[in-house]
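Below: one structure, written as structure tokens.
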DNA sequence: GCGCGGATGACAGCTTGATGACAGCTTTGC
DNA sequence: GCAAAGCTGTCATCAAGCTGTCATCCGCGC
């Protein structure tokens with residue numbers, strides 16, 4: 001984890017750097033806004049510690065610029081001011097946290113850990129198969145890059161087939177997956193219907209639903 | 001955005017709930033650890049505000065349990081203690097932030113905005129999308145440059161849709177985000193109502209709320 | 001060729017969503 | 001405190017389009 005410390009008071013910056021270094025962070029120090037910009041442009045950081053009082057301007061401008069540019073690196077602001085307005089202002093301008101000087105180094109360390117912690121693993125429900133791009137959580141379907149709309153039943157069927165890709169699914173099992181008890185009297189023909197409708201929408205995706213007579217259906221790569 | 005407030009002092013909890021409600025958050029209050037667990041098991045929250053001193057135990061246990069269980073919901077800890085050890089301890093146990101009592105309600109609000117914003121992958125409160133310009137902290141909305149007034153619920157809905165832009169949000173999820181438990185008996189038709197009202201206000205913004213029958217709604221660029 | 005399982009187009013019913021009007025309640029301004 | 005304004009949510013009505021049935025056609029395997 002690499003951290004950028006934007007702070008012009010050498011003592012503070014070096015103390016922080018040493019302390020964070022011991023905690024496993026690699027730190028770069030930037031004593032001016034210009035240095036900070038140069039560093040941030042060259043490499044990415046897991047987080048930025050930003051003093052607001054700098055010799056060549058206010059850290060707020062730096063923060064605002066980065067956010068406007070779409071940069072989401074977590075920023076922890078250091079401030080000498082106590083007023084609630086200032087704190088609220090900093091947070092609303094895009095800071096993720098702040099610390100009032102003088103601060104305890106252990107606390108800086110803990111806060112940076114909290115900020116950088118949530119970088120890791122987001123559960124992805126997305127499946128990409130040849131020209132097919134299906135995201136179960138967003139219920140979105142793309143075929144060859146183009147968004148395709150599908151109804152609830154169609155998506156449910158697709159979901160089932162994808163989850164069992166490469167395996168033959170009997171109509172009974174598909175039926176069980178698509179309909180609850182209250183729909184038990186729906187004709188089995190319905191499955192065939194939805195397979196047909198899905199096939200039409202998956203046209204040209206490189207993925208095909210094969211028919212296996214007397215056995216069921218299987219989704220797999222085309223060809 | 002739905003928030004769980006775990007706090008046994010009724011005054012504090014209700015003041016926070018009222019203040020956050022005005023800011024567009026839907027709040028549930030849990031006065032005990034048992035209540036908190038029950039709530040958290042039943043529904044998901046955008047963030048949890050957690051007092052450490054509770055009648056049936058320490059909030060730390062609750063926090064630790066949730067993290068062990070793999071839950072990453074942002075947690076903001078309320079504490080009466082000043083010691084650095086306590087603060088560091090809370091952060092390292094998985095809290096994302098803390099506030100020392102007594103705290104300013106505006107600050108709680110700003111910190112929760114920062115926490116939920118980060119979760120939604122945003123670095124600042126302001127979002128500009130085509131002709132739509134929305135600022136969550138100022139609760140202000142502009143369409144094609146012109147200021148548009150919108151009510152709290154409308155803004156809350158918009159905020160939710162923007163945070164999940166591009167994905168289909170089921171009415172249930174939108175409902176959970178807009179209403180807490182005390183409003184559980186509100187008809188689901190209400191969502192449709194607010195979608196209609198929002199659509200009217202977003203007219204000509206280049207952003208549209210698409211209906212996906214049986215699935216939910218999705219906010220995306222028009223076209 | 002025949003039989004059976006599967007494919008598919010059309011359609012009617014019905015669930016789901018849209019929307020205008022209204023009553024209750026909250027907030028705001030005085 | 002009071003009154004007015006505005007926000008909220010319910011209801012009823014209307015529109016849309018998803019669903020599943022039916023009938024018919026296709027094609028594989030025997």
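Residue numbers (full-length UniProt numbering), protein chains in the order written: chain A, 1 to 223; chain B, 1 to 223.
Ideal Cβ placement from N, Cα and C applies to all residues, glycine included.
| Asked | Found |
| --- | --- |
| Using a Cβ-Cβ cut-off of 8 Å, state whether residue 19 (chain A) counts as contacting chain B. | no |
| For residue 216 (chain B), count neighbouring C-beta atoms within 10 Å of its own C-beta (all shown protein chains included) and say buried if the count is 16 or more, exposed if not. | buried |
| So within the UniProt DNA-binding region "OmpR/PhoB-type" (124 to 221) of chain A, which uninterrupted alpha helix (DSSP H) runs reach at least 4 residues, ignoring any that extend past its ends? | 152 to 163, 171 to 178 and 189 to 202 |
| Check whether the Cβ atoms of residue 2 (chain A) and residue 45 (chain A) sit closer than 8 Å, and answer yes or no. | yes |
| Which residues of chain A have a Cβ atom closer than 8 Å to the Cβ of residue 87 (chain B), listed in chain order? | 107 and 110 |
| Which same chain residues end up closer than 6 Å to residue 90 (chain A) when comparing Cβ atoms and leaving out the 5 residues on each side of it in sequence? | 77 and 98 |
| What three-state label does DSSP hand residue 2 (chain A) in the structure shown? | strand |
| Which residue marks the beginning of the beta strand (DSSP E) containing residue 79 (chain A), and which one marks its end? | 75 to 79 |
| Kindly identify the DSSP beta-bridge partner or partners of residue 54 (chain A). | A:57 |
| May I ask you to list, following chain order, the residues of the stretch 115 to 127 of chain B that have a beta carbon less than 9 Å from some beta carbon of chain A? | 115, 117, 118, 119, 121, 122, 123, 124, 125 and 126 |
| Answer with buried or exposed for residue 10 (chain B), where buried requires no fewer than 16 other C-beta atoms within 10 angstroms of its C-beta. | exposed |
| CB-CB under 8 Å to residue 204 (chain A), same chain, minus the five flanking residues each way: which ones, in chain order? | 131, 143 and 144 |
| Express the C-alpha separation of residue 71 (chain A) and residue 129 (chain A) in angstroms, rounding to a whole number. | 31 Å |
| Report the rounded CA-to-CA distance for residue 27 (chain B) versus residue 113 (chain B), giving the unit in angstroms. | 14 Å |
| Mind listing the chain B neighbours of residue 170 (chain A)? Cutoff is C-beta to C-beta under 9 Å, in chain order. | Near residue 170 (chain A) there are no residues of chain B at all, since even the closest Cβ is about 26 Å away, more than 9 Å. |
| How would you write the range of the beta strand (DSSP E) that residue 26 (chain A) sits in, first residue to last? | 26 to 30 |
| Could you check if residue 31 (chain A) belongs to the surroundings of the ligand SAM, using beta carbon to heavy atom distance under 7 Å? | This structure does not include the ligand SAM; it has no bound ligands of any sort. |
| Report all residues from its chain with a CB closer than 8 Å to the CB of residue 16 (chain B); omit the five preceding and five following residues, and keep chain order. | 5, 7, 27, 49, 105 and 108 |
| How about residue 219 (chain A) and residue 162 (chain A): are their beta carbons less than 8 Å apart? | yes |
| Using a Cβ-Cβ distance cut-off of 8 Å, determine whether residue 215 (chain B) contacts chain A. | yes |
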